[in-house]
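Mind the numbering: the sequence shown is residues 134 to 687 in my numbering, read in order.
Worksheet: one structure, shown below.
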Amino acid sequence: MGYRLAKTDRDKTDPKHLCTKCNDLLQEPKQTSCGHRYCRGCIDSILSKENSEGKCIEDDTLLREEEVFRDKFVEREILELELHCSRFEKGCQWIGQLRHRQDHDRSCEFFEVPCVHSKCGTMVQRSDLARHLENDCSYRKELCSYCGKRIVVVDMMEHHQTDCKSYPQCCPECGKQGIPRCQVSVHLDPVAGDCQELKTVCPFAAMGCKETKPMGFNERRDHLKENTPQHMTYLLQQFTELSSLVSGTLKSASSCKIDASVVPSEKQLELSIKQIGAALVETNELKSRGDQLESRIKNLENTVDHARLSGESSDEDKLLELSTKVNDQEAKLADLEVFMIEGNKSDADLVQQINRWKREQEKFKEVVTKIQRRLESLEHTLGLRNILLADLEEQVKQKEISNYNGVLLWKISDFARKRQDALSGRQVSLYSPPFYSSNDGYKMCVRLYLNGDGMGKGTHISVFFVVMRGPYDALLRWPFRQKVTFMLLDQDHVEHVIDAFRPDPNSNSFQRPKRDMNIASGCPTFCHLSELNNHAYVRDDTMFFKVLIDTSDI
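Structural data, given as structure tokens:
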């Protein structure tokens, strides 16, 4: 398909610049052995995919692919032609060289563009796109006149019939019109509703009310007024039964839980042990003091006896004083003995409580150990499951990114960074995801040099085709013979870069692979680097590369 011409330009265009097939201005002109010129796309459609042969439309000369050559001289002449916009007849007044018309086409108000809604598909002039989206497109959104939500126009009727909560409905009982859909259930409520024709049993029938016949609105209202006390009794009975049921359930649930207050924590045990130790120390001190007092009493008694025997003192008052002191000391000693007995009893109780806590803690530790073992078993099982899931996800991912119809559409993101990596030598080439000629066919990929390789290094983008070792190689025909077509896609769909070749059956690149990949083969001068700035080959830092494998004779 060639460049479209305005009628005023067609009348003055040199015929040698027109395609023999489409009669438009030559796009990527190619000259045949018989001297005629075709657009690249037109000549490709003439040459048979089976044997790369065809007949010239003008004189029926047999054409072969290897005898068709790109005419760069005529291409330069065409790109320098002063032409009107291809939409001149529709009112565009732009005039300029063909090489610049592509930039103009991206902003031309008279250029047809598709509606932004993919389901619409309507082609409209760029200047009319806003009006189309606002008034004509069936997939624009408008406010629902009932609920105020924004709904796609073609879905508005279905929205009214199924989703709109404010859409007016008709009561199925009384026939009242204009009830919002969300209010119909309220209108038909047997207690709070206002439907005059609704007949239903007493709403307390399920709780025990004896009135079970259907009643109209007025009859049901009178019945509810007259029997309010009885209805409250039914309601209270239901509430009581429900409360009992809930209480029983809560008791059952609480009995299943471990009483955390029964099992002391390690800190509580340590504190109790410290308290017991302090009590034992205090008891020992009291015993020591008791022994000292007892020794002093004996000394006093000995002193008294000695005084009586020796007659050193006959003073009755002194004897009475000594006797009183002895009695006081004996009383203190008795109190001390009582305190020691009580202390020993408390010590025994504390020891018993500690032993009981220790036994309960041992039981609790056994339960915790069992739970930990169970958790470890579950974690091991979960780990195995995660590994299996990761393997499955990887297989699904490979399936999703691979094509099985002989076509690869490769999206190359972060183009600027990858181009800079190629210039600096950090990463000179990129490998595409693998793709296949069929589900059980050849496995292939593409190697791309963004700064060129070999004779194209530094000046061109180089692209090479790689045959990879696949799972079904033993069943396939070798060497690989299928035609390979490379396409660098113009994102404005104006001028794609296209090149193709047929594999050399004698080359090692196309024999059955003995390793993961064969030696790459392709086009070292596929696209000049300067062309990247003239067309939309890179947009939003993204390039699209397409590879087609001729699978017609597999």
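Each residue gets a CB set at the ideal place from its N, CA and C atoms; glycine is no exception.
Source: prediction; values computed, not measured.
Using the three-state DSSP reduction, which class does residue i fall into: helix, strand or coil?
i: Y367; result: helix
i: S654; result: strand
i: S377; result: helix
i: K496; result: helix
i: M577; result: strand
i: L622; result: coil
i: F202; result: strand
i: G174; result: helix
i: R197; result: strand
i: V627; result: coil
i: Q615; result: coil
i: E512; result: helix
i: L158; result: strand
i: G188; result: Note that residue 188 is Lys in the sequence shown here, rather than Gly. Reduced to three states, the DSSP call for K188 is strand.
i: K145; result: coil
i: L212; result: helix
i: L151; result: strand
i: S447; result: Only weak support exists for where S447 lies, its pLDDT of 48 falling under 50; the coordinates are left without a value.
i: G135; result: coil
Within 10 Å of its beta-carbon, does residue i have 16 or more other beta-carbons around it, so buried, or fewer, so exposed?
i: P646; result: buried
i: E649; result: Contrary to the premise, residue 649 reads as Asp rather than Glu in this sequence. Label assigned to D649: exposed.
i: S447; result: Residue placement at S447 cannot be trusted, given a pLDDT of 48 that sits under 50; the coordinates are not used to answer.
i: T153; result: buried
i: S595; result: buried
i: Q615; result: buried
i: E267; result: exposed
i: L241; result: In the sequence as displayed, the identity of residue 241 is Cys instead of Leu. So C241 ends up on the buried side.
i: V501; result: exposed
i: R203; result: exposed
i: D265; result: Per the sequence shown, the amino acid found at residue 265 is His instead of Asp. So H265 counts as buried.
i: V249; result: exposed
i: T141; result: exposed
i: A393; result: For A393, the pLDDT reaches just 49, beneath the cut-off of 50, and the residue's location in the model is therefore unreliable, although a value from the coordinates is still provided. By the 10 Å Cβ count, A393 comes out exposed.
i: H169; result: buried
i: Q160; result: buried
i: Y670; result: buried
i: H150; result: buried
i: C189; result: buried
i: R173; result: buried
i: V379; result: exposed
i: R354; result: exposed
i: G254; result: exposed
i: G591; result: exposed
i: V324; result: exposed
With a threshold of 8 Å on Cβ separation, who are the neighbours of residue i within its own chain once the five nearest residues in sequence on each side are excluded?
i: H593; result: G585, P657, T658, F659, C660, H661, L662
i: A555; result: V561, S562, Y582, L583, N584
i: H293; result: C277, Y279, Y300
i: A607; result: none
i: V627; result: Q235, D238, H668, A669
My assumption, with CB atoms under 8 Å, is that residue i sits in contact with residue j. Please give the rounded CB distance.
i: L541; j: S565; result: 6 Å
i: F243; j: G224; result: 6 Å
i: Q644; j: P612; result: 5 Å
i: S271; j: V286; result: 5 Å
i: E200; j: T165; result: 7 Å
i: L214; j: L231; result: 5 Å
i: L609; j: Y575; result: 6 Å
i: C335; j: H356; result: 6 Å
Once the 5 residues before and after residue i are set aside, which same chain residues still bring their CB inside 6 Å of it?
i: L180; result: G187, E198
i: Y171; result: C152, T153, K154, K163
i: R552; result: L583
i: R602; result: P646, D649
i: G308; result: none
i: H629; result: M620, L622, D623
Is residue i near the ligand PLP - that is, is its Cβ less than 7 Å away from at least one heavy atom of it?
i: L541; result: The ligand PLP is not among the ligands present in this structure, which contains no ligands whatsoever.
So is residue i in contact with chain D if we call contact Cβ pairs under 8 Å?
i: K576; result: The displayed structure is made up of one protein chain only, and chain D is not part of it.
Residues in its own chain within less than 7 Å of residue i by CB, not counting five upstream and five downstream?
i: R137; result: D157, S219
i: G135; result: C152, C155, D157, L158, L159, Q160, C172
i: V395; result: Low local confidence applies: a pLDDT of 47 at V395 is under 50, so the model's placement there is unreliable, with the coordinate-based value given in what follows. Counting only Cβ-Cβ distances below 7 Å, and skipping sequence neighbours, we find E493.
TODO: Please specify which runs of the alpha helix (DSSP H), each continuous and at least 4 residues long, are wholly inside the region 293-371, giving them in chain order.
DONE: 317-320, 350-359
Open item on the list: Runs of 4 residues minimum, wholly inside the region 214-294: which ones carry the alpha helix (DSSP H) assignment?
Closed with: When DSSP assignments are scanned along the region 214-294, the uninterrupted stretches of alpha helix (DSSP H) that are 4 or more residues long and fall wholly within it turn out to be 231-238.
Next on the checklist: Restricting to runs no shorter than 3 residues, where is the beta strand (DSSP E) found entirely within the region 630-685?
Outcome noted: 630-634, 654-661, 675-682
If we require 4 or more residues per run, which alpha helix (DSSP H) segments fall completely within the region 529-604? Annotation: the region 529-604 contains the following complete segments of the alpha helix (DSSP H) (minimum length 4 residues), in chain order: 548-557.
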